[in-house]
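Participant:
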Amino acid sequence: MQLKNIFVEGAIAPLFISDSITKHATKTNIGAHNIFLGQVRADSVDNKQVIGIEYTSNQPMALECMQAIREQIFEKYDLTCMHVYHSLGKVAVGELCLFVFTSSKHRATAINACTECVEKIKAELPIWGKEIFEDESYQWKENK
Amino acid sequence: MQLKNIFVEGAIAPLFISDSITKHATKTNIGAHNIFLGQVRADSVDNKQVIGIEYTSNQPMALECMQAIREQIFEKYDLTCMHVYHSLGKVAVGELCLFVFTSSKHRATAINACTECVEKIKAELPIWGKEIFEDESYQWKENK
Amino acid sequence: MDIEILFFGQLTDISGCPSVKIENPGSTEAVKEWLCKQYPGLVGAKFVMALNNQLIVVPQKITEPSIIACMPPFSGG
Amino acid sequence: MDIEILFFGQLTDISGCPSVKIENPGSTEAVKEWLCKQYPGLVGAKFVMALNNQLIVVPQKITEPSIIACMPPFSGG
Chain C
1 MQLKNIFVEG AIAPLFISDS ITKHATKTNI GAHNIFLGQV RADSVDNKQV
51 IGIEYTSNQP MALECMQAIR EQIFEKYDLT CMHVYHSLGK VAVGELCLFV
101 FTSSKHRATA INACTECVEK IKAELPIWGK EIFEDESYQW KENK
Chain E
1001 MQLKNIFVEG AIAPLFISDS ITKHATKTNI GAHNIFLGQV RADSVDNKQV
1051 IGIEYTSNQP MALECMQAIR EQIFEKYDLT CMHVYHSLGK VAVGELCLFV
1101 FTSSKHRATA INACTECVEK IKAELPIWGK EIFEDESYQW KENK
Chain Z
2001 MDIEILFFGQ LTDISGCPSV KIENPGSTEA VKEWLCKQYP GLVGAKFVMA
2051 LNNQLIVVPQ KITEPSIIAC MPPFSGG
Chain Y
3001 MDIEILFFGQ LTDISGCPSV KIENPGSTEA VKEWLCKQYP GLVGAKFVMA
3051 LNNQLIVVPQ KITEPSIIAC MPPFSGG
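Chains as they are written, first to last, in the numbering used here: chain C, 1 to 144; chain E, 1001 to 1144; chain Z, 2001 to 2077; chain Y, 3001 to 3077.
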């Protein structure tokens, strides 16, 4: 089976998001979309500011995990479609690193599926973020 | 006090959504965005297909209600910002009629605030949708 | 002075117009009575009324100028 | 035949490299032992291992060719 790619080199562009939305105009059984976007925050640690995050992943495993998550979500929720994109490499502060997009006939389905998918992505996908500071030092990000 | 307008004539364009997203790149304390989009569905009623919805509103009252909803949401959730747009007039099947956009430091805040805002918009704003069929007959929409 | 009564959604199918101006009958109850006489189709209809953008929960006196909105169940979004 | 061991995230700071190839020591337990001897910094480190993209929950035998991934807590999104 061909695994669906979710990785994008660098930041996710807002125009990529509007293109994705536009593509759903022909799916006239959709009544609700929910979109989650992760944006890189300028956190401060010991008076040093984060200027970006560099993402790496165990890609083949991440794509297999994502496929399993996708199957679980589609089994649980009556979705029309679901799209997931995650950045790899450097993403600057203020740029987007995660894009999860669910569509359904009714709003509760789209919203709950999207939220559950985001939680699973954060907990289960082998992806790591390295927070880069202005002085080029770094620390490894930790999800809470 | 100046009431914020939420009404857009006709459908909400995907490019308007990407522009909105782009404007948040400078707000570097944001870590999560949640977006809800309502799309007009090609429902069938007695073998007739909906081709669009025509929205009308008691506008001054809707804007006052929305202002009150906004205040409730900001009191309850630690949001960076919230934007709401709703169509007036005709919106064709497959086009977008509602755009709710919340941003926050952390994901749960943005997601919960967005969901609550959508529920309140549907329940409390004096807006009516007239479902237009292909033969130009119509029926008034009912929210569930 | 007159007061203005606005109709929305499916109520405009009953009233046949978006608004009417009438002489102030003094109270929200009196307005409702007048409406049901003038537009018999409103008698069984489900709708709420707002006085100057505030939902009417208990009967109220009406001072001029005032706007009364007659609104069927909302269906935005 | 050799097996390949991959390091991710902060573990690469300890290993100093993204991957090593070693002779198959036969089991996932033996790999872990070898790793802790070779890279003492891994001893206290929090990480999970995957054998051919499957998380290792109970000790397993390793057949070649195999890839072992050493992964610290995930921090995607």
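Ideal Cβ placement from N, Cα and C applies to all residues, glycine included.
Where does Ser137/C fall in DSSP's three states?
Facilitator: If DSSP states are grouped into helix, strand and coil, Ser137/C belongs with coil.
Participant: On the DSSP letters alone, give me the boundaries of the alpha helix (DSSP H) that Val2064/Z sits inside.
Facilitator: Reading off the sequence, residue 2064/Z comes out as Glu, not Val. Run containing Glu2064/Z: none; DSSP gives neither H nor E here.
Participant: Hey, does Ile1021/E have any beta-carbon neighbour from chain C nearer than 8 Å?
Facilitator: For Ile1021/E, the answer is yes, since a Cβ of chain C falls inside 8 Å of its Cβ.
Participant: State the beta-bridge partners of Phe1036/E as determined by DSSP.
Facilitator: According to DSSP, which records beta bridges pairwise, Phe1036/E is partnered with Asn34/C and Val1100/E.
Participant: What residues in the stretch 59 to 92 of chain C have a beta carbon less than 7 Å from any beta carbon of chain Y?
Facilitator: Correct list: Pro60, Met61, Glu64 and His86.
Participant: Should Lys1027/E be counted as a contact of the ligand NAP given a C-beta to heavy atom distance under 7 Å?
Facilitator: Because no ligand of any kind appears in the structure shown, any question about the ligand NAP cannot be addressed here.
Participant: Going along the chain, which residues of the stretch 3035 to 3058 of chain Y sit with their C-beta nearer than 8 Å to a C-beta in chain C?
Facilitator: The residues in question are Ala3050 and Asn3053.
Participant: Taking only beta-carbon positions, decide if Ala1123/E is within less than 8 Å of chain Z.
Facilitator: So, interface residue.
Participant: Determine the burial state of Ser1137/E: buried for a count of at least 16 other Cβ atoms within 10 Å of its Cβ, exposed for fewer.
Facilitator: That one is exposed.
Participant: Below 7 Å on C-beta distance, what does Phe999/E contact in chain C?
Facilitator: A question about residue 999/E goes unanswered here, because the residues of chain E that appear run from 1001 up to 1144.
Participant: Strictly below 7 Å CB to CB, what residues from chain C border Pro1126/E?
Facilitator: What Pro1126/E touches in chain C: nothing, since even the nearest Cβ is about 20 Å away.
Participant: Using the Cα positions of His83/C and Gln2060/Z, report the straight-line distance between them to the nearest angstrom.
Facilitator: For His83/C and Gln2060/Z, the distance between alpha carbons rounds to 53 Å.
Participant: Interface residues of chain C around Gln3010/Y at Cβ under 7 Å?
Facilitator: Correct list: Trp140.
Participant: Using the beta-carbon of each residue, which ones in chain C are nearer than 8 Å to Ala3069/Y?
Facilitator: Those within 8 Å of Ala3069/Y in chain C are Asn58, Met61 and Pro126.
Participant: Quick one: what does DSSP say Glu116/C is sitting in, helix, strand or coil?
Facilitator: In this structure, Glu116/C counts as helix in the three-state DSSP scheme.
Participant: Compare the C-beta of Leu1037/E with all C-beta atoms of chain Z and state if any pair is closer than 8 Å.
Facilitator: Answer no: the Cβ-Cβ gap between Leu1037/E and chain Z never drops below 8 Å.
Participant: Indicate whether at least one CB of chain C lies closer than 8 Å to the CB of Ala1042/E.
Facilitator: With 8 Å as the cut-off, Ala1042/E counts as an interface residue toward chain C.
Participant: So Leu2055/Z and Ile2062/Z are in contact, right, with Cβ under 8 Å, and what is the actual spacing, rounded?
Facilitator: 15 Å between Cβ atoms; not a contact.
Participant: With respect to the beta strand (DSSP E) encompassing Ser2019/Z, which residues constitute its N-terminal and C-terminal limits?
Facilitator: Counting along the chain, the beta strand (DSSP E) containing Ser2019/Z begins and ends at Ser2019 to Glu2023.
Participant: Please list the segments of the beta strand (DSSP E) lying wholly inside the stretch 1050 to 1109 of chain E, counting only runs of 3 or more residues, in order along the chain.
Facilitator: Whole beta strand (DSSP E) segments, 3+ residues: 1079 to 1092 and 1096 to 1104.
Participant: Using CA atoms only, rank isn't needed, just tell me which of Leu98/C, His33/C, Glu134/C and Phe36/C is closest to Glu9/C.
Facilitator: The residue with the shortest Cα to Cα distance from Glu9/C is Leu98/C.
Participant: Going by C-alpha to C-alpha distance, which of Gly1038/E, Met1061/E, Lys1027/E and Val1045/E sits closest to Phe1133/E?
Facilitator: Nearest of Gly1038/E, Met1061/E, Lys1027/E and Val1045/E to Phe1133/E, Cα basis: Val1045/E.
Participant: Whose C-alpha, out of Ser1104/E, Glu1119/E and Leu1037/E, is nearest the C-alpha of Ile1069/E?
Facilitator: Here the closest residue by C-alpha is Glu1119/E.
Participant: What residues in the stretch 1097 to 1126 of chain E bring their beta carbon closer than 8 Å to a beta carbon of chain Z?
Facilitator: Cβ contacts with chain Z: Cys1097, Leu1098, Val1118, Ile1121, Lys1122, Ala1123, Glu1124, Leu1125 and Pro1126.
Participant: Pull up the CB-CB distance for Met3071/Y and Gly3009/Y, whole angstroms please, since I reckon it's below 8 Å.
Facilitator: Yes, Met3071/Y and Gly3009/Y are in contact; Cβ-Cβ is about 7 Å, under 8 Å.
Participant: Spatial neighbours of Leu1063/E within its chain, please: C-beta separation below 6 Å, excluding the five flanking residues on both sides.
Facilitator: The residues are Leu1003.
Participant: Suppose you measure from the CA of Gly157/C to the CA of Lys122/C; what does that come to, to the nearest Å?
Facilitator: Limits of chain C in this structure are 1 at one end and 144 at the other, which puts residue 157/C out of reach.
Participant: For Asn34/C, which of Thr109/C, Ile53/C, Leu88/C and Ile6/C has the nearest alpha-carbon?
Facilitator: Checking every option, the nearest Cα to that of Asn34/C belongs to Thr109/C.
Participant: Does the Cβ of Pro2040/Z have 16 or more other Cβ atoms within 10 Å, making it buried, or fewer, making it exposed?
Facilitator: By the neighbour-count rule (16 or more Cβ atoms within 10 Å), Pro2040/Z is not buried but exposed.
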